[in-house]
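Peer 1: The structure is given below, and queries will be raised subsequently.
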């Protein structure tokens, strides 16, 4: 195969000196400010989310100072935080609640599975429950087995519950607005390392890759090479993995002459590709969760009927090891997904 | 049933108000009809009747506003019928999966949502939801409250305490009614609840009232001021009713012996009213027996409920 690295295209708008895009944490914080301002019926609940602390990851900074009692720091009570969020929604309000670490969402599983998700339909008519449960997730920070997980897969397949993930390609305000507007509960996973990275803007990922923004707020963003229509591999990954996937794509292109595109959905479940068929002859689904019963398996099951006969090999699934996540950085690295793991998976499938 | 409860003095008998007697008898005959229908194989699934406990929601009814929220549990038919006696047909249709069901037959006995009444089937799940609703009502500031019914068995659930803590911290208009019927499914309360309900209320600094009476007027007199304070302060309140479950947990699963059941029956308002106001009671009893029988016949003849999945 011949690789012709695309000439870096001129970004669409920056006639003025390029201002760096905002960091994802700032972007999400601004989205919450805008939402609270736009929706007087919106409430925020979570542990330590009020000022001056502003949340364990500072995502809610400034909100309590600006919006008073509509922003409440709660006791350490995940079940009651989510249940109260559902109650606020049932009583005609809207709620965004923060679970400090996604790992702790397990403590709220009954409220999500048996109440919030069911209440939209179990009373025989659509009952609006505009509720978003924000869950900072993911490892690579050395926090150890109970503060590093990506438990998305445990929330997949629950009737009435959408599973979303923050992405550097998706506007957070639009995504949250959309989630609330569905009048159904959602769980939004937010990769903790992603918080520190910058949003991508102006259609440019780097000097090699471009991106098309999603068609809708929860749609699929596509990262591609300028002018390339056919790919060796389509990688599908949630937003938290986007930077690692792009790094892998760069290595695959520059060192192995393997052309990849990347599809990043903001809505992991229910999953659909938003009218963007994979253009690769091979598909690789990457995620941060542990192996077994994965999101990738769900994606593969959804894609096979449409791609059968066109794929040159089975869909490859990349996930963290079937393991707890150790605290020591060198041990943690062994079980989590990094760019080389994606490179190995794509090359291994091609071998 | 423990000795302490069995040794309680049998309460005095005051003639009930017409409206109270009507609601009591509606619920009694409704629940009795359900057990019969189960026996005849005409209802599927499960049900939890409140036989013996009917007076709790009937006594509370005039203390509640129509726009207050009520959150109920698995044993919720009485809670509903005390609030919405005119919707007995809709509730029966819900339980029987017939046309006109309150929730199209999807929720069944334990999952009913009608106006501001909502029931759920998982123990302890409703208290956090109630706290959220109460937070919204508190912000509205118009004196509405959330009344949430739980049982003594529910006090084993951690969510109860998460929500009580929040309710006290945030000054929420939340009325928690604990129906302590002395038995959680088959386990006597003494073997599943350490300490006391009063002690648990005190731990959160939440006011507590204990009600042993089964007389609606007497209960209201005792609770009117504390319930008004829930709205006006606002602040949560826990009311523990020492009550007695006459029937099985669900159906045919009562493990209690004859002595325990006799002790429970000694507290039943039904026999005491029959004795205290024989003629008036007999007439009302016959009236509601017939009305419920007619309702059962009418609802049984309806087509099956249809649900368009959303």
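Chains as they are written, first to last, in the UniProt record's numbering: chain A, 1 to 351; chain B, 1 to 310. All C-beta atoms, glycine included, are put in the ideal place defined by N, C-alpha and C. Since this is a predicted model, take the numbers as computed values, not measurements.
#1: Consider the Cβ of residue 131 (chain A): report whether some Cβ of chain B lies at a distance smaller than 7 Å.
#2: Along chain A, which residues have their Cβ under 7 Å away from the Cβ of residue 51 (chain B)?
#3: Under the three-state reduction of DSSP, which class applies to residue 99 (chain B): helix, strand or coil?
#4: Restricting to runs no shorter than 4 residues, where is the alpha helix (DSSP H) found entirely within the stretch 19 to 77 of chain A?
#5: Who are the Cβ neighbours of residue 307 (chain B) in its own chain at under 8 Å, not counting the five residues just before and after it?
#6: Given that residue 159 (chain B) touches chain A, what residues does it touch there, using C-beta distances under 9 Å?
#7: Do residue 98 (chain A) and residue 76 (chain A) count as a contact pair if the criterion is CB distance below 7 Å?
#8: Measuring only the C-alpha atoms, how far is residue 344 (chain A) from residue 102 (chain A)?
#9: Under 7 Å, do residue 105 (chain A) and residue 135 (chain A) count as touching if we go by C-beta distance?
#10: So which of B:14, B:13, B:21 has the shortest CA-CA distance to residue 281 (chain B)?
#11: Looking at the C-beta of residue 4 (chain B), does it have a partner C-beta in chain A at a distance below 7 Å?
#12: Is the separation between the beta-carbon of residue 28 (chain A) and that of residue 49 (chain A) shorter than 7 Å?
#13: Have a look at residue 152 (chain A) and residue 235 (chain A) and give me their C-alpha separation to the nearest angstrom.
#14: Taking one C-beta from the stretch 271 to 278 of chain B and one from the stretch 201 to 210 of chain B each time, how about it: are there three or more such pairs within less than 8 Å?
#15: In chain order, which continuous runs of the alpha helix (DSSP H) of length 4 or greater are located wholly inside the stretch 66 to 139 of chain A?
#16: Name the residues in the stretch 33 to 54 of chain A whose C-beta lies less than 7 Å from a C-beta of chain B; which are they?
#17: Around the C-beta of residue 15 (chain A), are 16 or more other C-beta atoms found within 10 angstroms, so that it is buried, or is it exposed?
#18: Pick from B:42, B:51, B:55: whose alpha carbon is nearest that of residue 216 (chain B)?
#19: Sorted by chain position, which residues of the same chain lie with C-beta nearer than 6 Å to residue 278 (chain A)'s C-beta, five sequence neighbours on each side aside?
#20: List, in order along the chain, the chain C residues whose C-beta lies closer than 8 Å to that of residue 104 (chain B)?
#21: Can you tell me where the alpha helix (DSSP H) holding residue 158 (chain B) begins and where it ends?
#22: State yes or no: is the beta carbon of residue 157 (chain A) nearer than 7 Å to at least one beta carbon in chain B?
#23: Quick one: what's residue 162 (chain A) bridged to in DSSP?
#24: How far does the beta strand (DSSP E) with residue 352 (chain A) in it extend, from its first residue to its last?
#25: Mind pulling the chain B residues with CB within less than 9 Å of residue 105 (chain A)?
#26: Helix, strand or coil for residue 208 (chain B)? Go by DSSP, reduced to three states.
#27: Does the beta-carbon of residue 149 (chain B) have 16 or more other beta-carbons within 10 angstroms, so that it is buried, or is it exposed?
#28: Can you list, in chain order, the residues of its chain whose CB lies under 6 Å from that of residue 44 (chain B), leaving out five sequence neighbours each side?
#29: Report buried or exposed for residue 63 (chain A), applying the criterion of at least 16 other Cβ atoms within 10 angstroms of its Cβ.
#30: For residue 300 (chain B), does the three-state DSSP call read helix, strand or coil?
#31: Taking its Cβ as the centre, do 16 or more other Cβ atoms sit within 10 Å of residue 157 (chain A), making it buried, or is it exposed?
#32: Using a Cβ-Cβ cut-off of 7 Å (strictly less than) and excluding sequence neighbours within five positions of residue 218 (chain A), which residues of its own chain qualify?
#33: For residue 98 (chain B), I'd like the list of residues in its chain whose CB is within less than 6 Å of its CB, leaving aside the five on either flank, ordered along the chain.
#34: Evaluate contact between the stretch 66 to 75 of chain B and the stretch 105 to 124 of chain B, counting only Cβ atoms and requiring at least three cross-stretch pairs below 8 Å.
#35: Give the C-beta separation of residue 238 (chain B) and residue 197 (chain B) to the nearest angstrom, bearing in mind that I take them to be a contact with Cβ-Cβ under 8 Å.
#36: If you draw a straight line from the C-alpha of residue 86 (chain A) to the C-alpha of residue 53 (chain A), how long is it?
Peer 2: According to the data block:
#1: no
#2: Chain A residues near residue 51 (chain B): none, gap ~26 Å exceeds 7 Å.
#3: Secondary structure of residue 99 (chain B) (DSSP, three-state): coil.
#4: Within the stretch 19 to 77 of chain A, the complete alpha helix (DSSP H) segments of 4 residues or longer fall at 24 to 38, 63 to 67, listed in chain order.
#5: 104, 105, 106
#6: At a beta-carbon threshold of 9 Å, the residues of chain A lying near residue 159 (chain B) are 77, 79, 80, 83, 110, 111, ordered along the chain.
#7: no
#8: 28 Å
#9: yes
#10: The shortest C-alpha to C-alpha distance from residue 281 (chain B) to any of B:14, B:13, B:21 is the one to B:21.
#11: Only weak support is given to the placement of residue 4 (chain B): the predicted model assigns it a pLDDT of 45, under 50, and the value that follows is read from those uncertain coordinates. No, its Cβ sits nowhere closer than 7 Å to a Cβ of chain A.
#12: no
#13: Rounded to the nearest whole angstrom, the CA to CA distance from residue 152 (chain A) to residue 235 (chain A) is 18 Å.
#14: no
#15: 78 to 90
#16: none
#17: In this predicted model, residue 15 (chain A) has a pLDDT of only 44, less than 50, meaning its place in the structure is not dependable; the value taken from the coordinates is given anyway. Under this definition residue 15 (chain A) is an exposed residue.
#18: If you compare the alpha carbons of B:42, B:51, B:55 with that of residue 216 (chain B), the shortest gap goes to B:55.
#19: 234
#20: Any reference to chain C falls outside this structure, whose protein chains are A and B.
#21: 158 to 169
#22: No - not a single Cβ of chain B is within 7 Å of the one on residue 157 (chain A).
#23: A:186
#24: Only positions 1 to 351 of chain A appear in the structure, and residue 352 (chain A) is not among them; the question remains open.
#25: Under the 9 Å cutoff, chain B gives no residues; its nearest Cβ is about 14 Å from residue 105 (chain A).
#26: strand
#27: buried
#28: none
#29: Classified as buried, residue 63 (chain A) has 16 or more neighbouring CB atoms from the shown chains inside 10 Å of its CB.
#30: helix
#31: exposed
#32: 164, 175, 178, 266, 267
#33: Only 299, 302, 305 meet the Cβ criterion.
#34: yes
#35: 7 Å
#36: Between the alpha carbons of residue 86 (chain A) and residue 53 (chain A) lies a distance of about 25 Å.
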